[in-house]
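S.K.: In the UniProt record's numbering, the protein residues as written are 1 to 655. Please read through the structure below; I'll follow up with questions.
If you want it as structure tokens, here you go:
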């Protein structure tokens, strides 16, 4: 039913409130609602947060949009992890109504003493609710003005319109005809669900070396652990590992996804399972579970969390095929169906059929997940979740959240928007996005607006600049500047971003023209890299990535999602946006053209930056160290061969 003061279209609301909207500890969250009433009397609205322990936070007053009458917004901030609720309270505001009417009538000499009399009655009611002496004194003075007929009406009205008094009255409203909508659910996750820098590498490639016969042999967790120091030194927070399990031998893929592997070819880690074990086992070439535990421990010592790939599929020789054939789809000829995404075929992978034995599959997957959780894994990157039923993910994520709410799941789903948003709605903490394919200014601007203010209640983006599956043409043909552009954009536009190893070496050669697959893809073969030689020869982007991560850590504004504002420039290749958190203001200006210098005028929305119209201020370039005096309209020139981006902090404003 509609309340006495209607409150409608409340957001954030996920699936009509059946699922909690996304929140993060310390992240401001906008609550919006349409609030209106009959007639001309004024109203008020506020948001009340209810903490996981049932305690209520102080109400936060909503403000009405100047461009969308009736639409009210308040920003609230959960301060602890867990399941929160929020309510929207709306009421008739007799004091604000009286202030509005008195200002008109008294100046027009209409019902003057009646307005003062009504005002005194309202002020007396408010005074009885006040605790602070200073507030009581202001209201007492106002009540005296209402009854002091010896003074001119204009002078008495001036007392009633004093800004300090108005602030007290607004902060302590008289609420009549109160309507409460809600409660509506939120879930506040730990900060890593929102903010972090990810680095992906294949443990088997780190330390891979030829044996006595010249055959390249896999690295191990012990050799891979040596890479962790460099990853931590670059400022990354999460090290993500592709599947580390035994790899199937039946229909194993050779280099560049060929169907004719040699006896020493290592196969794809996503073809999980062999006689050596399944999803709960370590590939023998990588070492033992004790070696994995030592790897995790070393990562933790360096301040890194380990994210593990959760790929729910099986090689033809996975133990499940013999023990649980009902987990798969049997075709008319008696064979088990392998994975296909026409025209692509994955003969080395059997997809799981979640409808054949849903209870059995759920129990087994939960067992596997909890096995790795017990070995220190608190983040899972889920491979192709969009090819599994959404209700399965809703169940699994709820089960894990109930016992271990700190565990984070990232959805690797490049698919239709409805599925991507649906996966976020049922509990995935982060989502891969279309970022890789957004390279033009207009589409980037639209996408940043969408992710930061339209889908933010269901999806948290993770901007990976590349993956083992995706080498975009922009990187293939853009040269080193393109790698800088995409890294700077990802690191500043999204609170979470990621890099797949080799990016810092400008790896850019595709298997063939028009393909986004890497030549000699690490998915199918070992790919050791000489990091030391690259550093010695100065052909590495690692110092730039280190600088970006350092800037992110020093600027709280870059650690949030919902604070992004797009600004204008006169050039179709110059992208401008800003982020603000309290006094921390960051302006990002990027030349999206990796081949040519661009110069233009940037037009800033100063109000969105918390600055006054016409104000001048100093900006500090966090990349080059330069300082400039800026204002509303500013000249920029960005040469991609020197530096394609400004990351500007507002150092100080003019007095």
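Ideal placement from N, C-alpha and C gives every residue a C-beta, glycine not left out.
(1) For residue 483, report the span of its alpha helix (DSSP H) as first-last.
(2) Among residues of its own chain, excluding the 5 on either side of residue 559, which ones have a beta-carbon nearer than 7 Å to its beta-carbon?
(3) Run through DSSP, which three-state label would residue 655 get?
(4) With residue 5 and residue 179 assumed to form a contact (beta carbons below 8 Å), what rounded beta-carbon distance in angstroms separates them?
(5) State the DSSP-derived secondary structure class of residue 226, mapped to helix, strand or coil.
(6) Which residue comes first and which comes last in the beta strand (DSSP E) that contains residue 183?
(7) Counting only the same chain and skipping the five closest in sequence on each side, list residues whose C-beta sits under 6 Å from that of residue 20.
(8) Tell me, please, whether the CB atom of residue 612 is closer than 7 Å to any CB atom in chain B?
(9) Rounding to the nearest angstrom, what Cα-Cα distance links residue 604 and residue 155 in this structure?
(10) So, at 8 Å on beta carbons, what are the nonlocal neighbours of residue 655 in its own chain, with the 5 sequence-adjacent residues on each side left out?
(11) Return the Cβ separation of residue 28 and residue 554 in integer angstroms, given the expectation that the two are a contact with Cβ distance under 8 Å.
(12) Whose C-beta lies closer than 6 Å to the C-beta of residue 509 among residues of the same chain, with five residues either side of it excluded?
(13) What's the gap between the Cα of residue 353 and the Cα of residue 16?
(14) Please name the residue in 288, 585, 629 and 83 whose C-alpha comes closest to that of residue 55.
(15) With distance defined between alpha-carbon atoms, name the residue in 247, 465, 165 and 515 nearest to residue 504.
(16) Would you say the stretch 317-328 touches the stretch 270-286, given that touching needs at least three Cβ pairs under 8 Å?
(17) In whole angstroms, what is the alpha-carbon distance linking residue 254 and residue 266?
(18) From residue 355 to residue 433, what distance separates their C-alpha atoms?
(19) When the Cα atoms are used, what is the spatial distance from residue 229 to residue 614?
(20) With DSSP as the reference, please indicate the residues paired to residue 345 in a beta bridge.
(21) For the stretch 575-595 and the stretch 521-530, state whether three or more C-beta atom pairs, one from each stretch, are separated by less than 8 Å.
(22) Distance check for residue 33 and residue 8, CA to CA, integer angstroms please.
(23) Assign residue 647 to one of two classes, buried (16 or more other C-beta atoms within 10 Å of its C-beta) or exposed (fewer than that).
(24) Ignore the nearest five residues each way along the sequence and tell me which others in residue 359's own chain have a CB closer than 6 Å to its CB.
(25) State the DSSP-derived secondary structure class of residue 500, mapped to helix, strand or coil.
(26) Would you call residue 478 buried or exposed, if buried means 16 or more other Cβ atoms sit within 10 Å of its Cβ?
(27) Using 8 Å as the cut-off, can you tell me whether the stretch 375-392 makes contact with the stretch 406-415, which would need three or more C-beta pairs spanning the two stretches below that distance?
(28) Hey, how far is the Cα of residue 587 from the Cα of residue 451?
(29) Write down every uninterrupted run of the alpha helix (DSSP H) in the stretch 322-395 whose length is 4 residues or greater and which is fully enclosed by it, in chain order.
(30) Just reading off the beta strand (DSSP E) that residue 620 is part of, what are its end residues?
(31) So residue 76 packs on residue 112, CB below 8 Å; how close in whole Å?
(32) Leaving aside the five residues before and after residue 399 along the sequence, list all residues of the same chain whose C-beta is less than 7 Å from its C-beta, in chain order.
(33) Can you give me the C-alpha to C-alpha distance between residue 460 and residue 389, rounded to a whole angstrom?
M.R.: The answer reads as follows:
(1) Taking the chain shown and counting its residues from 1, one reaches residue 483 at position 483. Start and end: 479-493.
(2) The residue given as residue 559 occupies position 559 in the chain shown. Cβ neighbours of residue 559 within its own chain (closer than 7 Å, five residues either side excluded): 195, 495 and 552.
(3) Here residue 655 corresponds to residue number 655 of the chain shown, with the count starting at 1. For residue 655, the pLDDT reaches just 46, beneath the cut-off of 50, and the residue's location in the model is therefore unreliable, although a value from the coordinates is still provided. The answer is coil: DSSP assigns residue 655 none of H, G, I, E or B.
(4) Here residue 5 refers to the residue found at position 5 of the chain shown. Here residue 179 refers to the residue found at position 179 of the chain shown. Contact between residue 5 and residue 179 holds: their C-beta atoms lie close to 4 Å from each other, under 8 Å.
(5) Residue numbering aside, residue 226 sits at position 226 when the chain shown is read from its first letter. When DSSP states are grouped into helix, strand and coil, residue 226 belongs to the helix group.
(6) As a working note, residue 183 is residue 183 in the chain shown. It spans 176-189 - the beta strand (DSSP E) in which residue 183 sits, taken as one unbroken run.
(7) Indexing the chain shown from 1 puts residue 20 at position 20. 185, 186 and 187, listed in sequence order.
(8) Structure shown: chain B not included; a single protein chain is present.
(9) Within the chain shown, residue 604 is the residue found at index 604, counting from 1. Within the chain shown, residue 155 is the residue found at index 155, counting from 1. When rounded, the distance between both Cα atoms is 42 Å.
(10) Reading the chain shown from its first residue, position 655 is the one you call residue 655. Note on residue 655: pLDDT 46, under 50, position unreliable in the model; no value is reported.
(11) Residue 28 sits at position 28 when you count from the first residue of the chain shown. Residue 554 sits at position 554 when you count from the first residue of the chain shown. Contact doesn't hold; Cβ gap of about 19 Å is too wide.
(12) Counted from its first residue, the chain shown places residue 509 at position 509. Cβ within range, chain order: 519.
(13) For this step, residue 353 is matched to residue 353 along the chain shown. For this step, residue 16 is matched to residue 16 along the chain shown. Each residue's alpha carbon lies about 30 Å from the other.
(14) Here the question's residue 55 lines up with position 55 in the chain shown. When only C-alpha atoms are compared, the closest one is 83.
(15) To locate residue 504, count along the chain shown from 1; it is residue 504. Measuring from the Cα of residue 504, the nearest candidate turns out to be 465.
(16) Yes, the stretch 317-328 is in contact with the stretch 270-286.
(17) In the chain shown, counting from the first residue as 1, residue 254 sits at position 254. In the chain shown, counting from the first residue as 1, residue 266 sits at position 266. For the pair residue 254 and residue 266, the Cα-to-Cα distance works out to about 8 Å.
(18) Position 355 of the chain shown, counted from the start, is the residue given in the question as residue 355. Position 433 of the chain shown, counted from the start, is the residue given in the question as residue 433. Looking at the two C-alpha atoms, the distance is approximately 28 Å.
(19) The count along the chain shown starts at 1 and reaches residue 229 at position 229. The count along the chain shown starts at 1 and reaches residue 614 at position 614. Counting only the Cα atoms, residue 614 lies some 48 Å from residue 229.
(20) Counting from 1 along the chain shown, the entry for residue 345 is found at position 345. In the DSSP output, where bridge partners are listed per residue, residue 345 has 340.
(21) Flag = no, the stretch 575-595 and the stretch 521-530 do not touch.
(22) The residue you call residue 8 lines up with position 8 of the chain shown. The residue you call residue 33 lines up with position 33 of the chain shown. Taking the CA atoms as reference points, residue 8 sits about 6 Å from residue 33.
(23) Looking up residue 647 in the chain shown gives position 647. Taking every protein chain shown into account, the CB of residue 647 has 16 or more other CB atoms within 10 angstroms, so this residue is buried.
(24) The residue labelled residue 359 in the question sits at position 359 within the chain shown. Excluding the 5 residues flanking it on each side, residue 359 has no same chain C-beta neighbour closer than 6 Å.
(25) Locating residue 500 in the chain shown gives position 500, where the first residue counts as 1. In this structure, residue 500 counts as strand in the three-state DSSP scheme.
(26) Your numbering for residue 478 matches position 478 in the chain shown. Its Cβ being crowded by 16 or more others within 10 Å, residue 478 is buried.
(27) A contact exists between the stretch 375-392 and the stretch 406-415.
(28) What you label residue 587 is simply residue 587 of the chain shown in a count that begins at 1. What you label residue 451 is simply residue 451 of the chain shown in a count that begins at 1. Near 18 Å, if we compare the C-alpha coordinates of residue 451 and residue 587.
(29) Taking only runs of at least 4 residues, the alpha helix (DSSP H) segments lying wholly in the stretch 322-395 are 358-373.
(30) As a first step, residue 620 must be located in the chain shown, where it is residue number 620. Its beta strand (DSSP E) spans residues 617-621.
(31) On the chain shown, residue 76 is found 76 positions in, with the first residue counted as 1. On the chain shown, residue 112 is found 112 positions in, with the first residue counted as 1. About 41 Å separates the two Cβ atoms, so there is no contact after all.
(32) The sequence position of residue 399 within the chain shown is 399, counting from 1. Sequence-distant Cβ neighbours of residue 399 in its own chain, meaning closer than 7 Å and more than five residues away, are 366.
(33) Against the chain shown, residue 460 aligns to sequence position 460. Against the chain shown, residue 389 aligns to sequence position 389. Here the C-alpha atom of residue 460 lies approximately 21 Å from the C-alpha atom of residue 389.
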